[in-house]
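Enquirer: After the structure tokens below, expect a handful of questions from me.
There are 2 protein chains.
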Amino acid sequence: MKLIVKPLDLESGGKFIVVLNREDAEEIGVSGFSRVKLSKDNRDIIAIVNLAVESIPRGYVGVYNEVKSYLGLKGGEEVYVEAMGFPASVYHIRNRLGGRKLTYEEIYEIVKDVVEGRLSEVEIAAFIISLHTFGLDLDEATSLSLAMVETGSRLDLKKPLIVDKHSIGGVPGDKTSLLVVPIIAASGLTIPKSSSRAITSAAGTADRAESIMPVNLRIDEVREVVEKTNGCIVWGGALDLAPADDIFIRVEHPLSIDPLLLPSIMSKKKAVGANLLVIDIPTGRGTKVKTIGEADLLAKDFIELGRRLGIKVKCAITYGEQPIGYTIGPALEAWEALNVLMGRSKPHDLIDKAAHIAGILLEMSGKASNNGGRELALKILESGRAEEKLREIISAQGGNPKITPEDIALGSQRYTIYSRRSGVVLWIDNSLIVEAARLAGAPRDKGAGIMLHKKIGDKVSKGEPLVTIYAERASMLDKPIKIFEETPAIGVGERMDMLIHKIEERPVTKKTFILER
Amino acid sequence: MKLIVKPLDLESGGKFIVVLNREDAEEIGVSGFSRVKLSKDNRDIIAIVNLAVESIPRGYVGVYNEVKSYLGLKGGEEVYVEAMGFPASVYHIRNRLGGRKLTYEEIYEIVKDVVEGRLSEVEIAAFIISLHTFGLDLDEATSLSLAMVETGSRLDLKKPLIVDKHSIGGVPGDKTSLLVVPIIAASGLTIPKSSSRAITSAAGTADRAESIMPVNLRIDEVREVVEKTNGCIVWGGALDLAPADDIFIRVEHPLSIDPLLLPSIMSKKKAVGANLLVIDIPTGRGTKVKTIGEADLLAKDFIELGRRLGIKVKCAITYGEQPIGYTIGPALEAWEALNVLMGRSKPHDLIDKAAHIAGILLEMSGKASNNGGRELALKILESGRAEEKLREIISAQGGNPKITPEDIALGSQRYTIYSRRSGVVLWIDNSLIVEAARLAGAPRDKGAGIMLHKKIGDKVSKGEPLVTIYAERASMLDKPIKIFEETPAIGVGERMDMLIHKIEERPVTKKTFILER
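Residue numbers (my numbering), protein chains in the order written: chain A, 1 to 517; chain B, 1001 to 1517.
Structure follows, in structure tokens:
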């Protein structure tokens, strides 16, 4: 059927989408989410069908920008539109919805079609949900990891030994990578650290690092930095390492599910060529993984998936029931990490965690003896070699190698919450801290966030400061202040209260969802 | 944040959708599929967020037609846009994705939000898929049925006894309702038959009936027809009986899943006020339900769901491995049914099936003695009282009560396929017959379809006609002819071939999906 092009001046985010009048669609023999082929001159594409009743009159086809520019269409000209079958990947997804496991070839076809914009949101959602509800076994996780690598770019460092670390996320204030990367690179090992931006948190490692250096590097620039300094801390998003993942995340986020955690992380490690890898699994109330038993099972899967991908994996199950260090928010965290590297402050938990994780890599690589890793890591940190290395990396990434904590712009609008009672800090509510930091503007406003003055176990007197909210604009203080005034985020007392919460009628159960990679 | 309205001239199908520039969305604190509140003067609405990078510049908000007309917006004016939480129904859906069962109140909130356009396609898909993968138990099926009734219109006939029949669909050529309704109405019982149009088949009962009378009646018109004649055969789609179902179907179709079969059917029966109901479950190869065991289990669920909804249900498990009667396609089927009612032809299977189903209703209602139902039904049919009743219904619905089979326009373009061998008809491939009928133009072209000349068990000589394709346009004959030439749709021989099919490499498994209500 010949139809007249009506440009919609709307982008679909990489998919080819057209809008047909319901009656034309019926005549062509397609319904919503079906496919049509559009042909003009010698070019054609297959597009996903949306339906309209009024906005697209009969005889017209509404085209999204992607379709318009691919075929070089102009409003008012004619294209030929005919019905097409679903791509094979849709049949694979339908089978997966029936509980069938998929082969590598089938998963590859799905991932390829996801990356190339051939699947609708509903079909991608169906794939993700089928993985979530039936679970994905290690065969499928392996296939997915490999398919995500195959459909993206690779770093190709031409080094025999490449190490890496990754946290599955979920604990606020976790600036560990900003210490581990320079420690490891200073030891002589190669660590090409690609990291993500915050999705549901107050800061991702890429957001943190961006407060002290550029992180949006191209893949060839990353190669250069790593060849020069043994390390880097860059945003993975610009590297196209596993582009399917960004598309999957778009659907996972509103549904609050994340069945792709393992393949997503491991595909990116495979794409940078890692041989040795430590996975940090923060554990406990207020983190992604609530129990140690669950963390152990997840670790087992990471190790086995690593084995299948040719990556030797060890895991660190770490305590996550309060933020790491004293700061939450991109600039505040970079500021704290730089202070630690320069020996100006020594937050116990942050240094202990970084030394343990770096230590495992030093032991795995043979740089340190068994059980000597943590000690060597601390030595590299305390000697100033890690600071020196970070400054090399900052310089190679195009930043100012002489940067000091004072150069980092922290939010100038501040508000401090004081303790209403005396006692000991019994608990800190991670999700409330994250919510407050985000309401203050983090991660978008780099200087926004939360500074803690006390951690679990610290003595507090009535009237002492507990937390300070940082914001870049005064208006951004109101909501986080309200949060802290309505619900205590830091529990101060002598003994734990026995009642966790009362349920007096059918509750609407809103779980905190942590989607970090 | 104040944003300038940019009308998109695109409708979303009833949802409130706005498109934000990615950076504005970040600043407001929302991501894709989140919700925002749009306020203008004293009105506000909550809309679903889509994101754009280029097509919507910073400072603008793209609005779909629904949003524009609800708020009375004009391009260029300002609206206030702020972040909103997800509706509670989204949290219920997320819990369902985790395998939790839902309460009536939760299901009602979901269905209400579906009908009122408050949920995105991805969220609706997640709900449907969670029902499909975890299954829905009878408590949830009951809740869903009731919620679908509550969110739609009701017929309210003020009669103490209302009977109904429904086929779950899946067998081609099933014009049984065109016989059962007049038989039952002629017996003095009230049968307000609402029916659906074809979704994946060649004709729905509404499509068939439309060849002999108007079926797009308003609910008050239906009430009048039934009060006058005891029966009707109308399109349910215009009655708004369970409007959620049409929205669910949009998502079920591309995914080829139908977890809502039971609630969908039963909600509509509840909405017309049925007390006694026969459900026809066509069974066998080439239908929706492949085995008798499966059919029995489905029947059990229908009966129990009926009990909970206050509807007495009996089921008829019927043979479905070939089309019912000799015709497939809207006009052809109406033509055949009218011939049968007028005593001009007597296709055994069609009459037998209609008499059995009508008979069950006659027995349930006490109009016939135990086991006397089928006989009474045949008597009403053969006496001409059913024909007379159908003509009354046709007249009440605004059609021509004197219509004869000759008045029904069958496709004038015809092509007959002849048998290449002699023998007996061993099997007929339902799905190929449906595919051919649809390729010929059915159900859109009312006169298009297939006429069978032989049924299973019939003797055939080489060169005898097997099927005739009917189309309204000559160009529509090519594809169905090709189908029949490439793959036999009717198996003629002396003995069954032992090989069903060969699998020589990884097959792309495309199952035939039958989504009929």
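Positions of the beta carbon are idealized from the N, C-alpha and C atoms, including for glycine.
Which value, in whole angstroms, describes the spacing of the CA atoms of G1173 (chain B) and W1335 (chain B)?
Expert: Residue 1173 (chain B) sits at position 173 when you count from the first residue of the second sequence. Residue 1335 (chain B) sits at position 335 when you count from the first residue of the second sequence. Cα to Cα, G1173 (chain B) sits roughly 12 Å from W1335 (chain B).
Enquirer: For P87 (chain A), I'd like the list of residues in its chain whose CB is within less than 6 Å of its CB, leaving aside the five on either flank, ordered along the chain.
Expert: Position 87 of the first sequence, counting from 1, holds the residue named residue 87 (chain A). The residues are D113, R118.
Enquirer: Let me know if A409 (chain A) comes out buried or exposed under the rule of 16 or more other beta-carbons within 10 Å of its beta-carbon.
Expert: As a working note, residue 409 (chain A) is residue 409 in the first sequence. Its Cβ having fewer than 16 others within 10 Å, A409 (chain A) is exposed.
Enquirer: Identify whether H1166 (chain B) lies in helix, strand or coil by the three-state DSSP scheme.
Expert: Along the second sequence, read from residue 1 onward, the residue named residue 1166 (chain B) stands at position 166. Correct three-state label for H1166 (chain B): strand.
Enquirer: Flag H1453 (chain B) as yes if its beta-carbon sits less than 8 Å from any beta-carbon of chain A, otherwise no.
Expert: As a position in the second sequence, residue 1453 (chain B) is number 453, starting the count at 1. With 8 Å as the cut-off, H1453 (chain B) does not count as an interface residue toward chain A.
Enquirer: Counting Cβ pairs closer than 8 Å, one from the stretch 1347 to 1354 of chain B and one from the stretch 1424 to 1439 of chain B, do we hit at least three?
Expert: No, they do not touch.
Enquirer: With a cut-off of 8 Å, does the C-beta of L1097 (chain B) fall near any C-beta of chain A?
Expert: Within the second sequence, residue 1097 (chain B) is the residue found at index 97, counting from 1. Interface residue, yes.
Enquirer: For chain B, is any of its Cβ atoms less than 8 Å away from the one on P254 (chain A)?
Expert: Position 254 of the first sequence, counted from the start, is the residue given in the question as residue 254 (chain A). Cβ-Cβ to chain B under 8 Å: yes for P254 (chain A).
Enquirer: Name the residue from B:D1478, B:K1459, B:G1273 whose alpha carbon lies nearest to the alpha carbon of S1419 (chain B).
Expert: Taking the second sequence and counting its residues from 1, one reaches residue 1419 (chain B) at position 419. When each option's Cα is compared against that of S1419 (chain B), the closest is B:K1459.
Enquirer: Note down, one range per segment and in chain order, each alpha helix (DSSP H) of at least 4 residues found wholly within the stretch 411 to 495 of chain A.
Expert: Counting whole runs of 4 or more residues, the stretch 411 to 495 of chain A contains the alpha helix (DSSP H) stretches 430 to 439, 478 to 486.
Enquirer: Let me check understanding here. Comparing Cα to Cα, which of B:A1368, B:N1230, B:W1235 lies closest to N1216 (chain B)?
Expert: Residue mapping note: residue 1216 (chain B) aligns to position 216 of the second sequence, counting from 1. Among B:A1368, B:N1230, B:W1235, the Cα nearest to that of N1216 (chain B) is on B:W1235.
Enquirer: Rounded to the nearest angstrom, how far is the Cβ of R58 (chain A) from that of N95 (chain A), given a contact under 8 Å?
Expert: Counting from one through the first sequence, the residue named residue 58 (chain A) turns up at place 58. Counting from one through the first sequence, the residue named residue 95 (chain A) turns up at place 95. With a Cβ gap of about 36 Å, R58 (chain A) and N95 (chain A) do not count as contacting.
Enquirer: Give me the chain A residues within the contact set of A1474 (chain B), using Cβ-Cβ distance strictly less than 8 Å, ordered along the chain.
Expert: As a position in the second sequence, residue 1474 (chain B) is number 474, starting the count at 1. The premise fails here: A1474 (chain B) is roughly 16 Å from chain A at the closest Cβ pair, so nothing lies under 8 Å.
Enquirer: According to DSSP, simplified to helix, strand and coil, what is R1197 (chain B)?
Expert: Here the question's residue 1197 (chain B) lines up with position 197 in the second sequence. If DSSP states are grouped into helix, strand and coil, R1197 (chain B) belongs with coil.
Enquirer: Against chain B, with Cβ distances strictly below 8 Å, would E140 (chain A) count as a contact?
Expert: Position 140 of the first sequence, counted from the first residue, corresponds to residue 140 (chain A). No, E140 (chain A) lies away from the interface with chain B (no Cβ there is under 8 Å from its Cβ).
Enquirer: Would you say L1178 (chain B) and P1323 (chain B) are within 8 Å of each other, going by their C-beta atoms?
Expert: Working through the second sequence from its first residue, we reach residue 1178 (chain B) at position 178. Working through the second sequence from its first residue, we reach residue 1323 (chain B) at position 323. Cβ atoms of L1178 (chain B) and P1323 (chain B): not closer than 8 Å.
Enquirer: Using the three-state DSSP reduction, which class does A274 (chain A) fall into: helix, strand or coil?
Expert: On the first sequence, position 274 is the one that residue 274 (chain A) refers to. Looking at A274 (chain A) - three-state DSSP - the assignment turns out to be coil, as it is neither helix nor strand.
Enquirer: Below 6 Å CB to CB, which residues in the same chain sit around D445 (chain A) once its five sequence neighbours on both sides are set aside?
Expert: The sequence position of residue 445 (chain A) within the first sequence is 445, counting from 1. Closer than 6 Å at Cβ, skipping near neighbours: E472.
Enquirer: Kindly identify the DSSP beta-bridge partner or partners of P282 (chain A).
Expert: Counting from one through the first sequence, the residue named residue 282 (chain A) turns up at place 282. Bridge partners of P282 (chain A): A:T318.
Enquirer: Can you find the residues in the same chain that come closer than 8 Å, C-beta to C-beta, to D1009 (chain B), ignoring five residues on each side of it along the sequence?
Expert: Here residue 1009 (chain B) corresponds to residue number 9 of the second sequence, with the count starting at 1. The residues are N1065.
Enquirer: So, at 8 Å on beta carbons, what are the nonlocal neighbours of S1055 (chain B) in its own chain, with the 5 sequence-adjacent residues on each side left out?
Expert: Here residue 1055 (chain B) refers to the residue found at position 55 of the second sequence. For S1055 (chain B), where only same-chain residues beyond five positions count, the Cβ hits under 8 Å are V1019, G1062.
Enquirer: Mapping the DSSP letters down to three states, classify N50 (chain A) as helix, strand or coil.
Expert: If you number the first sequence from 1, residue 50 (chain A) lands on position 50. N50 (chain A) falls in the strand class under three-state DSSP.
Enquirer: State the DSSP-derived secondary structure class of I17 (chain A), mapped to helix, strand or coil.
Expert: Mapped onto the first sequence, residue 17 (chain A) falls at position 17. Reduced to three states, the DSSP call for I17 (chain A) is strand.
Enquirer: Should S1211 (chain B) be flagged as near chain A, meaning a C-beta pair shorter than 8 Å?
Expert: Position 211 of the second sequence, counting from 1, holds the residue named residue 1211 (chain B). Chain A contact via Cβ: absent.
Enquirer: Name the chain B residues whose beta carbon is nearer than 7 Å to that of R444 (chain A)?
Expert: The residue labelled residue 444 (chain A) in the question sits at position 444 within the first sequence. Ordered by position in chain B, the residues that pass the 7 Å Cβ test against R444 (chain A) are E1026, E1027.
Enquirer: Give the DSSP bridge partners of E387 (chain A), in chain order.
Expert: As a working note, residue 387 (chain A) is residue 387 in the first sequence. According to DSSP, which records beta bridges pairwise, E387 (chain A) is partnered with nothing at all.
Enquirer: Determine the direct distance from the alpha carbon of F1484 (chain B) to that of T1238 (chain B), and round the result to whole angstroms.
Expert: For the purposes of this step, residue 1238 (chain B) is taken as the residue at position 238 of the second sequence. For the purposes of this step, residue 1484 (chain B) is taken as the residue at position 484 of the second sequence. The sequence as given places Ala at residue 1238 (chain B); Thr does not occur at that position. Roughly 36 Å separates the two Cα atoms.
Enquirer: Just checking: is the beta-carbon of I1017 (chain B) within a distance shorter than 8 Å of some beta-carbon in chain A?
Expert: Residue numbering aside, residue 1017 (chain B) sits at position 17 when the second sequence is read from its first letter. By this cut-off, I1017 (chain B) is not an interface position.
Enquirer: Using 10 angstroms around the beta-carbon of D1280 (chain B), count the other beta-carbons present and answer buried if the total reaches 16, otherwise exposed.
Expert: Taking the second sequence and counting its residues from 1, the one referred to as residue 1280 (chain B) is at position 280. D1280 (chain B) should be labelled buried.
Enquirer: Report the rounded CA-to-CA distance for S89 (chain A) versus E1388 (chain B), giving the unit in angstroms.
Expert: The sequence position of residue 89 (chain A) within the first sequence is 89, counting from 1. The sequence position of residue 1388 (chain B) within the second sequence is 388, counting from 1. The alpha-carbon atoms of S89 (chain A) and E1388 (chain B) are separated by roughly 53 Å.
Enquirer: For the beta strand (DSSP E) containing E1116 (chain B), list its first residue and its last residue.
Expert: Against the second sequence, residue 1116 (chain B) aligns to sequence position 116. Careful: E1116 (chain B) lies outside any beta strand (DSSP E) and carries neither H nor E.
Enquirer: Extract the residue ranges of the beta strand (DSSP E) inside the stretch 1044 to 1098 of chain B, only unbroken runs of 3 or more that lie entirely within it.
Expert: Correct list: 1060 to 1063, 1078 to 1084.
Enquirer: Looking only at its chain, what residues have a beta carbon closer than 6 Å to the beta carbon of D1207 (chain B), apart from the 5 residues adjacent to it on each side?
Expert: Here residue 1207 (chain B) refers to the residue found at position 207 when the second sequence is read from its first residue. The residues are R1197, A1198, P1330, P1443.
Enquirer: Pick from A:K455, A:A440, A:E26, A:L73: whose alpha carbon is nearest that of G320 (chain A)?
Expert: Taking the first residue of the first sequence as 1, we reach residue 320 (chain A) at position 320. When each option's Cα is compared against that of G320 (chain A), the closest is A:K455.
Enquirer: Under 6 Å Cβ to Cβ from E106 (chain A), same chain only, skipping five residues before and after it: list those, please.
Expert: The residue labelled residue 106 (chain A) in the question sits at position 106 within the first sequence. Once the five neighbours on either side are set aside, the close Cβ partners of E106 (chain A) are H92.
Enquirer: Run the CB neighbour count on I1292 (chain B), radius 10 Å, all protein chains shown included, and call it buried at 16 or more, exposed below.
Expert: Mapped onto the second sequence, residue 1292 (chain B) falls at position 292. Flag for I1292 (chain B) reads exposed.
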